[in-house]
Structure formats: C-alpha cells, structure tokens
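Okay, structure first, notes after.
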Amino acid sequence: MKTVVSVIGKDAVGITAKVSTVCSECNANILDITQSVLQDMFVMVMLTEIKDLNCTFSEFSDKMKELGKANGLDIRVMHEDIFNSMHRI
Amino acid sequence: MINIHDIMETINMISEENLDIRTITMGISLLDCCDSDPEKACEKIYNKITRLAGNLVKTGEDIEKEFGIPIINKRISVTPISMIIASSGGDPVMYAKTLQRAADATGVNFIGGFSALVHKGFSAGDEELIRAIPRALAETTNVCSSVNIGSTKAGINMDAVKLMGQIVREAAEITADRECIGCAKLVVFCNAVEDNPFMAGAFHGVGEPDCVIHVGVSGPGVVQAAIKKYPNATLGELAEIIKRTAFKITRMGQLVGTEASKRLGVPFGIVDLSLAPTPAVGDSVAHILEEMGLDSCGIHGTTAALAMLNDAVKKGGVMASSYVGGLSGAFIPVSEDAGMIAAARSGDLSLQKLEAMTAVCSVGLDMIVIPGETPAEVISAIIADEAAIGMVNSKTTAVRVIPAIGKQKGEELDFGGLLGSGPIMDVNLNKLPTKFIDRAGRIPAPLQSLKN
Chain A
1193 MKTVVSVIGK DAVGITAKVS TVCSECNANI LDITQSVLQD MFVMVMLTEI
1243 KDLNCTFSEF SDKMKELGKA NGLDIRVMHE DIFNSMHRI
Chain B
13 MINIHDIMET INMISEENLD IRTITMGISL LDCCDSDPEK ACEKIYNKIT
63 RLAGNLVKTG EDIEKEFGIP IINKRISVTP ISMIIASSGG DPVMYAKTLQ
113 RAADATGVNF IGGFSALVHK GFSAGDEELI RAIPRALAET TNVCSSVNIG
163 STKAGINMDA VKLMGQIVRE AAEITADREC IGCAKLVVFC NAVEDNPFMA
213 GAFHGVGEPD CVIHVGVSGP GVVQAAIKKY PNATLGELAE IIKRTAFKIT
263 RMGQLVGTEA SKRLGVPFGI VDLSLAPTPA VGDSVAHILE EMGLDSCGIH
313 GTTAALAMLN DAVKKGGVMA SSYVGGLSGA FIPVSEDAGM IAAARSGDLS
363 LQKLEAMTAV CSVGLDMIVI PGETPAEVIS AIIADEAAIG MVNSKTTAVR
413 VIPAIGKQKG EELDFGGLLG SGPIMDVNLN KLPTKFIDRA GRIPAPLQSL
463 KN
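Just so you know, the sequences run in chain order A and B.
The first sequence begins at 1193 in our numbering and counts up one residue at a time.
The second sequence begins at 13 in our numbering and counts up one residue at a time.
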C-alpha cells in the first residue's frame, strides 16, 4: 500500500530529515518527494511504500502526528487512493 | 505522483471546510428473526445485529485513520419492526429496547427501523407499533423511528396522517423534560426510500439484500468555499463549480463505501449524494445559499437558489458513484444548520418558505421546533401538506417537527450534538383544519402514478 505523507507548516531547517528519519525507523520506503511554498506555507508531500512497515499503520501515522506536534507542523499520513479517487477519473 | 495542488485541495477540504463522510450505515434484514415467541425473536434480532455489525465501528475507525477522512457516524438500519411484530407479536417497546441493546453492544450512534409502512393502510403490527412509538423513543436513546404514510403510487393514508399528528404530540409530551427529544428521532415520510443511510428516517427495505453498506457524504462547507472563490460567476458557471465539487465529495464517499464493504464482507449498496449540514460554522446549506447572493436564507429567491444547488449536487455526484440512492439532495434541517438557525431566529425563514423549499430539495420539513400548544390536527395537516408535495412530485418528503411542550414563541429547544438547537417557529393556530383531518380515509393516488 502506498501512502501520502503531507507536511504543512513554517519552513525550518531539517524538516525533511526529521520526517525521513521516522520513515526509516518504521521501514517505510520513500518513493517520491515534492515540496513547494503555497500561500506562505511550506508544503512537502512524500509518497511512501509501506508494505514492509515494521510497525502497524496506526503506529506509523501516530509517530508522524507526534513529530508534527513537536515541531509545530501539520503532518498527515493518508492512503494514496483518497487522492486518486478524488482527482482522477 | 499526484499533483501537490490536488493533495493540498483535499487536505484543505478536510481540515478547513469540514469535509467528512457523514455516515456509514449498515442495513440488516431481520426477516429471518421472526419467531412465534416474541422474546426469542428479540434474542435472534440482537444476535444477528451484533454478529453482522460487531466490527462496523472498528472498521469505520480504521478507514478513517488510513484514509485520513473523518467518518462522523456509524449506524445501523433494520427491517421495519412492524413486519417482525406482525408475525412474532409482543410489546413493540421490547423490540425497541432490543435495538437499543444492540446499538450499545456495537457502539453505533443510531439504529433506525422502528418503523411501519402504512401508505395504503394498516396491516398486522403496524398500528400497535405506531401507538408504541412515543414510549419506545422515551425509553431508548439511540433508536430512531419512521412511518411512511403516503406514496405517489398509493396516495396518502389520511387515517395514518391523523394518527401521526397525535403520536408526534405524544412523543413530545412524554419527553418534555428532555427538550422533547422523542420527536427529533421520529420522521413521517411520503415516498420513503428503502436504502436511506441518514437518520432518523433510515430503515432497511424488504427489497434490499440481507446485509448491505450504504454511505452518506457531506460537505456544505466545501461547496460554500468553492462558490466563495467566484463572486462574479453567473449562475450557469456556479452550477458547474458546484458539480465539480460534488463530484469530488462523492468520489470520496464511493471510495469509503467500497472499502468498508470489502473489509466487512458485505455488499456495497449506495452512496447518498447529500449536502448534510451540522450546527458547526462552515457546515451550513443556508450559508451556501447566502454565498450565492441572498442576504439571508428564507427570503425571496431562496427556492430558486436551492433548486439549482440541489440539481447541481446530483449532476456532479451521479457520475462519481457506481450506485446512487437514498435521499440524495441538499438537506435543510433547521436546528442542524447554523445558517438556518440564524435565519429562523431573525424571522427571515418561515415555515411556509421551508415548505416551498422542500418541493425542490431533499427531504422535507426537518428538525423544526413548533409551539408547544400546536394541536395534533395541525401537526397532521402539516404532515398532509408535505406528503402532498412528495406524492405529486414523485419525490420523498418528510416531516420531523418538534412541539416544544410548555414553551412559547421566542424560546428555543437545545438538543445538543448534531441535532443542534432551534427557535420556536410560527405556526398558524388561529384557524384549524380539524374537519379536514377528521374526515380521514385516503387521498387517492395522483395521475402521476399511472405511468405504465
């Protein structure tokens, strides 16, 4: 299963590193990364493959959420199908 | 990879514009739970519901987490209980309590189906159930009840209309100490649908499979936000914008529905293409109408704006889902919509206007607080008027009014949660329809019914 990890917040040093570290800790493979500044907000989107996670999806998602909280960022982990179904016919 | 702007749009819809899946509703047939012993029948009902819906809430929460989309309600609808009483007998309230027990065990927040279908007449079990509705709703918290009193094919059963006026009053009276909450869980329908996932009117029709999953989507805030971006668009252009937005909302419903059906091993029924408001700011159908250019919901122009909105929602949604059903359209429940509440308080929104609005949208006079002294025959007449609109226009209409027992104009009822709160609205009590309602009998099916 592929998930989209989205990170929204103020730009700062090391955001990508921190998020990638959690991915690596949980054995989530990063397939693609895009980042941009939208409406003064730093936005990073990461596509990850999580079929070989060493924890449950829920734990992975919670870890990301905690990381976001600790750094003043909004981090969400969502199944890629939600975006595919909404934006592609 | 998916476009970053698309990803941001989806996240924004969820976090800023209150986009959610309003409900996953599991429909369960209870026809195989009949028994000559009513207690055994109740036990079979409890066992069947808990067996099939045991994982419903958990599955809903899992999907919520994985897909990152809030699923507000997990609910159950069952075969109209009057059909079970017809063969199993016993006190209807005992069945309501069984449904409550099943709701507690499964953790769902509403269970619908304490219902009777009497559009042409009463059969065994129907009248007993209807007369027990006030008590059943007073003695349970999560059980919802509905009665279908008319249809385009059958006409309107005015005996049932007369009875329901009394039942609505009674349901309010015996829950008067709890904001008359009984009436918030009771819907009187014309042309009730068999696959409605929304409460309080959900029941599992006899033409449905043994067990099925329906999904109801929401998203008034998303539509409002989309319209806001185009202050100078013509109405034709607005319709396009609404269609595009409705398409996206519905796709999400379709995805969640198919996923839930796969995980629960239950067939997928329908997506209900609805705009279902909540009392939260930014989740209001009235505010969409105001965003379209009305100073307040309820003024002249409201019906036209609502008609366009309702139509565009359906046109946009219908291609996004493989099976569309339920009530499908914009809901206008007064107490559950921040904009409607404000318009009712200011006097811009009247009962008469609401009645006109129900002719062009889903579903009917919904969650409207009326004066406590409103007599049963006036409630019956309100039901009859609304049923006539549904019957002639071949659409579902419904009445869910709450007589605020012991309260006067200017006061409000506060139900809390998604049911919201509402001011008492004006009802014409100067002259009465007593003679008309007392005639009873049946209004014949209209010419529209002769389609063959």
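The C-beta atom is built at its ideal place from N, Cα and C for all residues, glycine as well.
For residue i and residue j, what's the separation of their Cα atoms in angstroms?
i	j	result
R143(B)	K419(B)	25 angstroms
A356(B)	G194(B)	22 angstroms
D1254(A)	A204(B)	43 angstroms
R1280(A)	P92(B)	39 angstroms
K463(B)	A166(B)	13 angstroms
G80(B)	F1275(A)	11 angstroms
V1237(A)	D207(B)	39 angstroms
A245(B)	V1197(A)	35 angstroms
S100(B)	E423(B)	44 angstroms
I75(B)	V69(B)	10 angstroms
N59(B)	T118(B)	11 angstroms
K197(B)	E303(B)	31 angstroms
L247(B)	A1262(A)	46 angstroms
A251(B)	T409(B)	24 angstroms
L25(B)	R34(B)	Before going on, a small fix: residue 25(B) reads as Met here, not Leu. Using only the alpha carbons, I get a separation of about 14 angstroms.
G376(B)	S362(B)	14 angstroms
L1230(A)	V325(B)	29 angstroms
D189(B)	Y242(B)	47 angstroms
V159(B)	P458(B)	21 angstroms
A114(B)	D307(B)	46 angstroms
K1202(A)	V1214(A)	19 angstroms
L141(B)	I96(B)	10 angstroms
G265(B)	I225(B)	12 angstroms
Which stretch, first to last residue, makes up the alpha helix (DSSP H) that contains residue i?
i	result
F79(B)	68–79
C1247(A)	From DSSP, C1247(A) is part of no alpha helix (DSSP H); its letter is neither H nor E.
E1217(A)	1207–1217
V234(B)	232–240
N1276(A)	1272–1279
K365(B)	363–370
I449(B)	446–451
Given that a residue counts as buried once 16 or more other Cβ atoms are within 10 Å of its Cβ, and exposed if not, what is residue i?
i	result
M10(B)	Past the boundaries of the shown model lies residue 10(B); chain B is included only from 13 to 464, so the question cannot be answered.
P146(B)	buried
S358(B)	exposed
N30(B)	buried
G432(B)	buried
V229(B)	buried
M1193(A)	exposed
G305(B)	exposed
P50(B)	buried
H131(B)	buried
A1209(A)	exposed
Y335(B)	exposed
K240(B)	exposed
If you run the structure through DSSP and keep just helix, strand and coil, what is residue i?
i	result
I382(B)	strand
P516(B)	Summary: the structure shown does not reach residue 516(B), with chain B confined to residues 13 through 464, and so no result is reported for it.
E206(B)	coil
M1236(A)	strand
R147(B)	helix
L441(B)	coil
I57(B)	helix
L1265(A)	coil
A457(B)	coil
K463(B)	coil
K1194(A)	strand
D426(B)	strand
I134(B)	The sequence given here has Phe at residue 134(B), not Ile. Note: F134(B) maps to coil in three-state DSSP.
C373(B)	coil
F215(B)	coil
Taking the continuous beta strand (DSSP E) assigned at residue i, which residues delimit it?
i	result
T22(B)	Not the beta strand (DSSP E): T22(B) falls in the alpha helix (DSSP H), residues 16–27.
F259(B)	Where F259(B) is concerned, there is no enclosing beta strand (DSSP E), although the alpha helix (DSSP H) it sits in stretches over 247–276.
L175(B)	Element bounds for L175(B): not the beta strand (DSSP E) but the alpha helix (DSSP H), 170–185.
R87(B)	83–90
N1221(A)	1221–1230
G281(B)	280–284
A410(B)	409–416
L34(B)	In the sequence as displayed, the identity of residue 34(B) is Arg instead of Leu. 33–40 is the extent of the beta strand (DSSP E) around R34(B).
I161(B)	155–163
G228(B)	223–229
P435(B)	433–435
Quick check: is any heavy atom of the ligand ATP less than 7 angstroms from the C-beta of residue i?
i	result
D1232(A)	In the structure on display, the ligand ATP does not appear, and there are no ligands present to speak of.
Practice problem: Ignoring anything shorter than 4 residues or poking outside the segment 290–321 of chain B, list the alpha helix (DSSP H) runs there in chain order. | Solution: 297–303
Quiz item: Counting only runs that start and end within the segment 320–356 of chain B, where is the alpha helix (DSSP H) found for 4 or more residues in a row?
Solution: none
Quiz item: Can you list, in chain order, the stretches of the alpha helix (DSSP H) that have 4 or more residues and sit fully within the segment 84–132 of chain B?
Solution: 93–100, 104–118
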